[in-house]
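S.K.: Under my numbering, think of the first position of the sequence shown as 44, with each following residue one higher.
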Amino acid sequence: CWIDTFYALIVPWSVNVFSIFLLRQHFRSVPRDLYDAAVIDGCSRFRFLFTILMPLTKPAIVTISIFSIIGSWNAFMWPLMVTNADRMRPIQVGLAYFAQGETTNYPALMAASTIAILPLVILFFVAQRQIVESYARSGLKE
Numbered sequence: 044c045w046i047d048t049f050y051a052l053i054v055p056w057s058v059n060v061f062s063i064f065l066l067r068q069h070f071r072s073v074p075r076d077l078y079d080a081a082v083i084d085g086c087s088r089f090r091f092l093f094t095i096l097m098p099l100t101k102p103a104i105v106t107i108s109i110f111s112i113i114g115s116w117n118a119f120m121w122p123l124m125v126t127n128a129d130r131m132r133p134i135q136v137g138l139a140y141f142a143q144g145e146t147t148n149y150p151a152l153m154a155a156s157t158i159a160i161l162p163l164v165i166l167f168f169v170a171q172r173q174i175v176e177s178y179a180r181s182g183l184k185e
């Protein structure tokens, strides 16, 4: 049983439809001529995948990773359903509990919300270039 485990919080966010679509679009944007040239030079399919295609796929993988992290970080209902212990619940559930009292201390709630969003903002600024490259590449056609 995965109740109150990290598996229940991590595994459902590992793969989603957006990730599959973004990778599909990225792989479709890679010219077939690139594969043909690699085969002519004696490159096998696996070598093409790991030495040519994977480095080209880095921006898409970074983008997918960031969106998965953001989705799991901001999840509210799923962690509430699969966790019983307060120590396993993410910060968004804690913010909801924080705001449920008879009187809500709004300045403290806003400060806690700012602290909760700060890691995501830092993550976005660190990986902004890869995200933009991934979106720019997925829209290109031959």
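C-beta atoms are modelled at their ideal positions from N, C-alpha and C, and glycine is treated no differently.
Let me confirm a value: Ala150 is counted as buried when at least 16 other C-beta atoms fall within 10 Å, else exposed. Which label applies?
M.R.: For the purposes of this step, residue 150 is taken as the residue at position 107 of the sequence shown. One point to set straight first is that residue 150 is Pro, not Ala, in the sequence displayed. Classification of Pro150: exposed, given that the 10 Å Cβ count is below 16.
S.K.: Closest to Gly137 by C-alpha separation, out of Ile112, Leu152, Phe70 and Phe93, would be which residue?
M.R.: As a first step, residue 137 is located in the sequence shown; it is residue number 94 there, counting from the start. When only C-alpha atoms are compared, the closest one is Leu152.
S.K.: Whole angstroms is fine: what's the gap from Cys44's alpha carbon to Ala170's?
M.R.: For the purposes of this step, residue 44 is taken as the residue at position 1 of the sequence shown. For the purposes of this step, residue 170 is taken as the residue at position 127 of the sequence shown. Answer to the nearest angstrom: the Cα atoms are 35 Å apart.
S.K.: Do Asp47 and Val164 have their C-beta atoms closer together than 9 Å?
M.R.: For the purposes of this step, residue 47 is identified with residue 4 of the sequence shown, where counting begins at 1. For the purposes of this step, residue 164 is identified with residue 121 of the sequence shown, where counting begins at 1. Against a cut-off of 9 Å, the Cβ pair of Val164 and Asp47 comes out as no contact.
S.K.: Pick helix, strand or coil for Trp45, following the three-state DSSP scheme.
M.R.: Walking along the sequence shown from the start, residue 45 turns up at place 2. Here Trp45 sits in coil by DSSP.
S.K.: In terms of residues, what are the limits of the alpha helix (DSSP H) holding Ile109?
M.R.: The count along the sequence shown starts at 1 and reaches residue 109 at position 66. Its alpha helix (DSSP H) spans residues Met97 to Trp116.
S.K.: With DSSP run on the structure shown, which of helix, strand or coil describes Phe119?
M.R.: Residue numbering aside, residue 119 sits at position 76 when the sequence shown is read from its first letter. The answer is coil: DSSP assigns Phe119 none of H, G, I, E or B.
S.K.: Quick one: what does DSSP say Glu176 is sitting in, helix, strand or coil?
M.R.: For the purposes of this step, residue 176 is taken as residue 133 along the sequence shown, with counting starting at 1. Three-state result, Glu176: helix.
S.K.: In whole angstroms, give me the CA-to-CA distance for Tyr50 and Gly114.
M.R.: On the sequence shown, residue 50 is found 7 positions in, with the first residue counted as 1. On the sequence shown, residue 114 is found 71 positions in, with the first residue counted as 1. Whole-angstrom Cα-Cα distance: 15 Å.
S.K.: Taking one C-beta from the stretch 152-162 and one from the stretch 79-98 each time, how about it: are there three or more such pairs within less than 8 Å?
M.R.: No, the stretch 152-162 does not touch the stretch 79-98.
S.K.: Please say whether Leu66 and Ile107 have beta carbons closer to each other than 9 Å?
M.R.: Here residue 107 is taken as the residue at index 64 of the sequence shown, counted from 1. Here residue 66 is taken as the residue at index 23 of the sequence shown, counted from 1. In contact: Ile107 and Leu66 (Cβ atoms closer than 9 Å).
S.K.: Give me the residue from Pro55, Arg75 and Ser62 with the minimum Cα distance to Val105.
M.R.: In the sequence shown, counting from the first residue as 1, residue 105 sits at position 62. When each option's Cα is compared against that of Val105, the closest is Ser62.
S.K.: One question on the structure: do Gln143 and Ala118 come within less than 9 Å of each other, judged by their Cβ atoms?
M.R.: Position 100 of the sequence shown holds residue 143. Position 75 of the sequence shown holds residue 118. Not closer than 9 Å, so no.
S.K.: So Phe64 is in the alpha helix (DSSP H); what residue range does that whole segment cover?
M.R.: The sequence position of residue 64 within the sequence shown is 21, counting from 1. Element bounds for Phe64: Val60 to Ser72.
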